[in-house]
Amino acid sequence: MENNSFLCENVAELCADSTIPTASMVLNMFGVVCNILNLIVLKTLDKSKRNGYFWVVVNIGISDIATGIVFTLLVSCDLNRLVVKLSDKKVLVYQVVINILGFATYLARNLILTNKVLNNLGACLGAIWIVSFIVMAVSLATDTRSYCFSVFGSMPMEYNTQTDVIFASFITITLTTCVILLFKTWKELKRMQQRNTARPDDLMVKRSAQYILIICVTFYLLYVPAFLAVVFDVIEALPRRLTIVTRWIAIYYQAIYGTLNIVVYIVMTPGYRSHIMRLLRVKKVRVQPA
Numbered sequence: 003m004e005n006n007s008f009l010c011e012n013v014a015e016l017c018a019d020s021t022i023p024t025a026s027m028v029l030n031m032f033g034v035v036c037n038i039l040n041l042i043v044l045k046t047l048d049k050s051k052r053n054g055y056f057w058v059v060v061n062i063g064i065s066d067i068a069t070g071i072v073f074t075l076l077v078s079c080d081l082n083r084l085v086v087k088l089s090d091k092k093v094l095v096y097q098v099v100i101n102i103l104g105f106a107t108y109l110a111r112n113l114i115l116t117n118k119v120l121n122n123l124g125a126c127l128g129a130i131w132i133v134s135f136i137v138m139a140v141s142l143a144t145d146t147r148s149y150c151f152s153v154f155g156s157m158p159m160e161y162n163t164q165t166d167v168i169f170a171s172f173i174t175i176t177l178t179t180c181v182i183l184l185f186k187t188w189k190e191l192k193r194m195q196q197r198n199t200a201r202p203d204d205l206m207v208k209r210s211a212q213y214i215l216i217i218c219v220t221f222y223l224l225y226v227p228a229f230l231a232v233v234f235d236v237i238e239a240l241p242r243r244l245t246i247v248t249r250w251i252a253i254y255y256q257a258i259y260g261t262l263n264i265v266v267y268i269v270m271t272p273g274y275r276s277h278i279m280r281l282l283r284v285k286k287v288r289v290q291p292a
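Its first residue numbered 3, the sequence shown is counted upward by one per residue in my numbering.
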């Protein structure tokens with residue numbers, strides 16, 4: 003007999019039509035494949051041509067691959083159907099594992115940006131999130147029947163203090179990361195403008211600053227639709243369709259986020275575009291008959 007108490011209402015809505023969640027999973031896995039290919043191409047780039055944010059791009063690519071795989075598990079309707087057939091104990095284990103994986107990928111994304119630009123601030127933000135995660139884990143372990151499995155992971159049927167702490171941490175950490183990064187970017191650009199003469203590395207610094215700016219905006223926007231979807235879900239006065247649409251925006255934005263990072267890097271780095279074109283031309287010449 004299916005243990006439907008672990009299946010949230012929004013998962014049932016998402017799984018009613020298999021076409022839409024399947025499309026999001028395809029886009030998500032497409033992003034995973036693109037990031038793997040991008041890392042392979044980056045590895046072929048000569049060390050002398052690697053710019054100031056090369057390792058940021060590599061680390062973001064790795065975290066996007068991990069996040070894409072975890073997100074695919076979260077939105078898989080087939081997997082959800084298997085989960086609700088498990089015993090209470092097994093479902094609890096699955097919930098905790100999914101939360102740990104989600105926590106790890108989220109933390110990785112934040113630390114990649116913070117450690118590269120903000121020195122040791124990433125450790126402070128990470129410690130805050132770990133405390134929040136412990137609160138959620140304790141809540142799951144002590145009150146399992148108050149939770150159900152949702153597209154956003156383990157969610158309570160009725161919101162409580164632990165959940166408020168978790169979502170507040172998500173938004174606060176991401177916002178803090180982006181605000182400080184944007185401030186440092188603005189400060190660096192202002193310093194460049196105040197120079198009497200331009201230095202040879204000014205163009206690289208400017209592009210690096212612009213790249214960080216764009217990545218921060220896209221990264222922060224990644225969590226806004228998800229946060230709104232959760233908030234709208236508990237406000238009964240709002241139209242149900244608004245909640246569903248917001249949820250799908252969150253899901254599809256997550257699905258294309260990994261690919262979007264690659265596109266931004268290619269657009270912002272002319273040398274990398276030329277490198278890709280050279281690789282494609284070499285491949286094209288090799289397949290031509292003699």
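Just so you know, even glycine gets a beta-carbon here, dropped at the ideal spot from N, CA and C. Computed from a predicted model, the values in this text were never measured in an experiment.
Spell out a yes or no on whether the region 22-33 and the region 56-73 are touching, meaning 3 or more CB-CB pairs, one atom from each, closer than 8 Å.
-> With the cut-off at 8 Å, the region 22-33 and the region 56-73 touch.
Counting only the same chain and skipping the five closest in sequence on each side, list residues whose C-beta sits under 6 Å from that of Gln256.
-> Phe73
Taking C-alpha atoms, which residue in Leu75, Arg83 and Gly260 lies nearest to Gly104?
-> Leu75
DSSP three-state assignment for Leu223, whether helix, strand or coil | helix
Rounded separation between Thr261 and Ala239 - CA only = 36 Å
List the endpoints of the continuous alpha helix (DSSP H) containing Lys45.
-> Thr21 to Lys45
Where do the ends of the alpha helix (DSSP H) carrying Ala68 lie?
-> Phe56 to Val77
If you drop the 5 nearest sequence neighbours on each side, which residues of the same chain put their C-beta closer than 6 Å to that of Arg249?
-> Ala231
Pair within 8 Å by beta-carbon distance, Val85 and Val93 = yes
Under a three-way DSSP split, which group does Asp48 fall into?
-> Coil at Asp48, not helix or strand.
Have a look at Val219, Tyr213, Lys208 and Arg209 and flag the residue whose alpha-carbon is nearest the alpha-carbon of Thr178.
-> Val219
Rounded to whole angstroms, what's the CA-CA distance from Val119 to Ile67? Just pull it up for me.
-> Its pLDDT being 48, under 50, Val119 is placed unreliably by the model, and the measurement read from it follows with that caveat. Cα-Cα distance, rounded: 22 Å.
Where the alpha helix (DSSP H) through Leu262 begins and ends = Leu262 -> alpha helix (DSSP H) spans Arg242 to Met270.
How many Å lie between Ala228 and Ile278 at the Cα?
-> 34 Å
Which of the three DSSP states, helix, strand or coil, is assigned to Leu88?
-> Secondary structure at Leu88: coil, using DSSP grouped into helix, strand and coil.
Secondary structure at Ile136, three-state DSSP: helix, strand or coil?
-> helix
Which of the three DSSP states, helix, strand or coil, is assigned to Lys239?
-> According to the sequence displayed, residue 239 carries Ala and not Lys. Of the three classes helix, strand and coil, the one that applies to Ala239 here is coil, per DSSP.
How long is the line joining the alpha carbons of Trp188 and Tyr213, rounded to whole angstroms?
-> 12 Å
Spatial distance of Ile304 from Thr107 (CA atoms) = Because residue 304 is not part of the residues shown, which for the chain are 3 to 292, the question remains open.
To the nearest whole angstrom, what separates the beta carbons of Tyr259 and Tyr267, a pair I think is in contact under 8 Å?
-> No, Tyr259 and Tyr267 are not in contact; Cβ-Cβ is about 13 Å, not under 8 Å.
Quick one: using the 10 Å Cβ neighbour count with 16 as the cut-off for buried, is Val236 buried or exposed?
-> exposed
Local Cβ density within 10 Å of Phe221, reported as buried at 16 or more and exposed below that = Its Cβ being crowded by 16 or more others within 10 Å, Phe221 is buried.
Buried or exposed: Lys252, going by 16 or more other Cβ atoms within 10 Å of its Cβ?
-> Here residue 252 turns out to be Ala, not Lys, going by the sequence shown. Flag for Ala252 reads buried.
What distance in whole Å lies between the Cβ atoms of Ile264 and Asn37, which are believed to be in contact at a cut-off of 8 Å?
-> The beta carbons of Asn37 and Ile264 sit about 7 Å from each other, so the pair counts as a contact at 8 Å.
Give me the Cα-Cα distance between Leu88 and Thr21, rounded to the nearest whole angstrom.
-> If you take the alpha carbons of Leu88 and Thr21, they lie about 25 Å apart.
Could you check the C-alpha separation between Phe234 and Ile102 for me, to the nearest Å?
-> 25 Å
With 16 other Cβ atoms within 10 Å as the buried cut-off, status of Asn82 | Its Cβ being crowded by 16 or more others within 10 Å, Asn82 is buried.
What number of angstroms, rounded off, separates the C-alpha of Arg246 from the C-alpha of Ile64?
-> Looking at the sequence shown, residue 246 is not Arg but Ile. Cα-Cα distance, rounded: 30 Å.
Nearest to Phe56 (by Cα), restricted to the options Val35, Thr271, Cys79 and Ser276 | Thr271
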